[in-house]
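This report refers to the structure that appears directly beneath it.
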Amino acid sequence: MKRATRASGAIAAVCLLAATACSSDSDETTSESASTAALATGAEVSVDEPTTTEPPDTTTNTDAPTTDAPETEDPAVTASSDDGGASVSVVLTDGDVVLDPTSVDAGSVEIVAKNVGGDLHDLLIVRGDDPGALPVNEDGAVIEDDLPKDDFIGKIAVVEAGTEESAWFDLDAGSYIVFCNIVVPTAVPPLPISHFKDGMVSTFTVN
Ligand SMILES: [Cu+2]
Numbered sequence: 022m023k024r025a026t027r028a029s030g031a032i033a034a035v036c037l038l039a040a041t042a043c044s045s046d047s048d049e050t051t052s053e054s055a056s057t058a059a060l061a062t063g064a065e066v067s068v069d070e071p072t073t074t075e076p077p078d079t080t081t082n083t084d085a086p087t088t089d090a091p092e093t094e095d096p097a098v099t100a101s102s103d104d105g106g107a108s109v110s111v112v113l114t115d116g117d118v119v120l121d122p123t124s125v126d127a128g129s130v131e132i133v134a135k136n137v138g139g140d141l142h143d144l145l146i147v148r149g150d151d152p153g154a155l156p157v158n159e160d161g162a163v164i165e166d167d168l169p170k171d172d173f174i175g176k177i178a179v180v181e182a183g184t185e186e187s188a189w190f191d192l193d194a195g196s197y198i199v200f201c202n203i204v205v206p207t208a209v210p211p212l213p214i215s216h217f218k219d220g221m222v223s224t225f226t227v228n
């Protein structure tokens, strides 16, 4: 009787193994014949080896691939918005950048840029507290390449009129300058219009 029990246990184990192995097999026909084959072989082998009493337990654990379920809740997006980081609303008008709040805690900070104007804007984040100290070209636009590498945090490259774009940035404590660096060429002089020069800049602090 014992043997019979062991054998069936072992068969169950083999079946489970076969099922597991086959589950990764997309071809149903193949998996059926494979498990049948394993079943037959498994019965013989297990009767000869008393030690096969243990494998079933192991197999039961292995059977826990049901732990695949938790994996389904891995939406990166949800993780970001749920990570407890601060969020700063940045409203872009044609000529101004309005932040709320203007002070957040250090860490992962979500910058939500909302373009309520009629023009295309972008949004750059640079470490610093004095917009007037940023390097600018003859058009009045900030020269991104001339910014100290560590000072350039990042940017939201395009925020179309009437749309909202957001991104997460890792911010240490300090002061930051947020601005639009779009330059609109003009057909006739005077010079092209720099949104930065026109006042699309603001600052905020990270504590
Ligand atoms: Cu702009």
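In our numbering, the protein residues as written are 22 to 228.
All C-beta atoms, glycine included, are put in the ideal place defined by N, C-alpha and C.
| Check | Outcome |
| --- | --- |
| Could you name the residues of the same chain whose beta carbon sits closer than 8 angstroms to that of V179, not counting the 5 residues immediately before and after it, in chain order? | L141, D143 and E186 |
| What's the gap between the Cα of F217 and the Cα of L192? | 22 angstroms |
| With distance defined between alpha-carbon atoms, name the residue in V157, F173 and G106 nearest to R148. | F173 |
| Could you tell me if the beta carbon of D140 falls within a distance shorter than 7 angstroms of some heavy atom in ligand 1? | yes |
| Would you identify the three-state DSSP class for G138, choosing helix, strand or coil? | coil |
| Does DSSP put D121 in a helix, a strand or coil? | strand |
| Can you tell me whether V227 is buried or exposed, with buried defined as 16 or more other CB within 10 angstroms of its CB? | buried |
| Where V223 and A154 are concerned, what is the direct C-alpha to C-alpha distance, given to the nearest angstrom? | Note that residue 223 corresponds to Ser in the displayed sequence, not to Val. For S223 and A154, the distance between alpha carbons rounds to 13 angstroms. |
| Using the Cα positions of T207 and P213, report the straight-line distance between them to the nearest angstrom. | 5 angstroms |
| For A194, count neighbouring Cβ atoms within 10 angstroms of its own Cβ and tell me buried if that reaches 16, exposed if not. | exposed |
| With a threshold of 8 angstroms on Cβ separation, who are the neighbours of L168 within its own chain once the five nearest residues in sequence on each side are excluded? | V147, L155 and P156 |
| Quick check on this structure: which residue in I177, S215 and V199 has the alpha carbon closest to the alpha carbon of D151? | V199 |
| According to DSSP, simplified to helix, strand and coil, what is F225? | strand |
| In three-state DSSP terms, what is E131? | strand |
| Compute the distance between the beta-carbons of V163 and A134, then report whether it is under 8 angstroms. | no |
| Check whether the Cβ atoms of A188 and I177 lie closer than 8 angstroms to each other. | yes |
| At the level of alpha carbons, what is the spacing between P114 and A107? | As written in the sequence, residue 114 is Thr, which differs from the Pro given in the question. Whole-angstrom Cα-Cα distance: 23 angstroms. |
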